[in-house]
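These protein sequences, in sequence, are chains X and R. 3 is the number of the first residue of the first sequence in the working numbering; add one for each residue after it. 712 is the number of the first residue of the second sequence in the working numbering; add one for each residue after it. Even glycine gets a Cβ: it sits at the ideal position worked out from N, Cα and C.
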Amino acid sequence: MWLPLLGLILGISLGLLTEIQIPEIYESYLSIAVLAALDTLFGGIRAHLQHVYDDKVFVSGFFFNIGLAAALAFLGVHLGIDLYLAAIFAFGVRLFQNIAVIRRIMLTKWSERKNQ
Amino acid sequence: MKKTKLLKVPSRGLITISIVSLVLGFILAYSYSISSEDTRENASDVSGFQEQEKYREKLVEQKERNKELTEEIIVKQQKIRDYEHSFVESEESVEELVEEAELLRLLIGDIPSRGKGITVSLEDGAYNPSQENPNDYIVHESHVFKVINELKISGAEAISINGQRLHANSYIRCTGPVIVVDGNTFPAPFTIEAVGDPKVLLASVNLGGGVVDQLTSDNIVVTVGEKDLITMPALRDDDYS
Chain X
3 MWLPLLGLIL GISLGLLTEI QIPEIYESYL SIAVLAALDT LFGGIRAHLQ
53 HVYDDKVFVS GFFFNIGLAA ALAFLGVHLG IDLYLAAIFA FGVRLFQNIA
103 VIRRIMLTKW SERKNQ
Chain R
712 MKKTKLLKVP SRGLITISIV SLVLGFILAY SYSISSEDTR ENASDVSGFQ
762 EQEKYREKLV EQKERNKELT EEIIVKQQKI RDYEHSFVES EESVEELVEE
812 AELLRLLIGD IPSRGKGITV SLEDGAYNPS QENPNDYIVH ESHVFKVINE
862 LKISGAEAIS INGQRLHANS YIRCTGPVIV VDGNTFPAPF TIEAVGDPKV
912 LLASVNLGGG VVDQLTSDNI VVTVGEKDLI TMPALRDDDY S
């Protein structure tokens, strides 16, 4: 379990150390990417807990969602429509659903363990 | 079952998960740093904006003050111009009045007159036996009138005949070979003195076909001379007769 943790720490430190400035217009892309990443992560955790985890699905979903969200935001910026709202909405809803599922699974596991 | 799967999956799954968590961590941290920068920038923006607003308000205040002052300046300048105008007008009128008064005084002989001038002396023509009528070659008062009128027209300030200064109500009467000026009798020759610009006066009397020519054609000996200083005393009341 130390490898993903190490990766996370490395990523955080890298992100904090990066001094790259991005234009203000593209900041919405980043926020959407964050949301997509979080969504995918919680989706993966849920899948793992539900024993339907597939790393291919997870990894591809992770990067594809980020890319799709960015593409949507890009399109929205260029069409004058706030399409990133759609991405935020979709990812937000799924994030909450995933977290809810994770919570329920945890609760059932916890109650099962308590019953034992 | 679960155990074996967990044991089986990790090596590959862990790597992918590590990569994913790396990317996730990077994205999270990066967006965090950017947003914190943004907030800082926003804060500085806000303070900068406030400062800007402050300066703008100051500027606006100054501009308004400037405008007020400019308006005040315009009003004051207008006032000054009005004053100047009235001043000039009054000055002009005063000047005119003074000049007029001066001229009138000179005309009525209230004040002494002195300055450059000319003398015109009129003498009877030499006796000519062929001329039967002596009236044809003596100086008449009409000749004197001509000269005096010409001099007055030319701007003479004061005129005297044989030392008798003329005033506005002077009269000249012909009584035979002599003329009477304001009650004083004068024989020929008559010396008419006039105070004024000699150039103008000389030019006017010597004009072609002018006074001198006319008098000469009337067989009168006319002598015109320039004088540097002619002094005429003010007329006293008793001179008016």
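Exercise for the section: Kindly say whether ASN777 of chain R, judged by its beta-carbon, lies nearer than 8 Å to any beta-carbon of chain X. Expected result: no
Problem - Length of the line joining the Cα atoms of ILE849 of chain R and GLY826 of chain R - result: 31 Å
Handout entry: From R:SER732, R:GLU748, R:GLY736, R:ARG884, residue whose alpha carbon lies closest to that of ILE22 of chain X
Key = R:GLU748
Exercise for the section: State the CB to CB distance for the pair ASP908 of chain R and GLY866 of chain R, rounded to an integer number of angstroms; the pair is presumed to be in contact (CB under 8 Å). Expected result: 7 Å
Handout entry: For ALA899 of chain R, the three-state DSSP class (helix, strand or coil)
Key = coil
Problem - Near the ligand GTP: ALA88 of chain X beta-carbon under 7 Å from a heavy atom - result: The ligand GTP is absent from the structure shown, which contains no ligands of any kind.
Practice task
Tell me, please, whether the CB atom of PRO6 of chain X is closer than 8 Å to any CB atom in chain R?
Solution key: yes
Problem - Local Cβ density within 10 Å of LEU912 of chain R, reported as buried at 16 or more and exposed below that - result: buried
Practice task
With DSSP as the reference, label GLY826 of chain R as helix, strand or coil.
Solution key: strand
Practice task
Have a look at R:ASN860, R:LEU833, R:SER746, R:THR830 and flag the residue whose alpha-carbon is nearest the alpha-carbon of LEU818 of chain R.
Solution key: R:ASN860
Problem - One or two residues paired with MET943 of chain R in a DSSP bridge - result: R:SER824
Exercise for the section: Could you say if the stretch 46 to 59 of chain X and the stretch 755 to 773 of chain R meet the contact criterion of at least three C-beta pairs nearer than 8 Å? Expected result: no
Problem - Cα-Cα separation between LEU16 of chain X and PHE737 of chain R, rounded to whole angstroms - result: 6 Å
Practice task
Taking only the alpha-carbon atoms, compute the straight-line gap between PHE901 of chain R and SER797 of chain R and give it to the nearest angstrom.
Solution key: 50 Å
Exercise for the section: Compute the distance between the beta-carbons of VAL923 of chain R and VAL916 of chain R, then report whether it is under 8 Å. Expected result: yes
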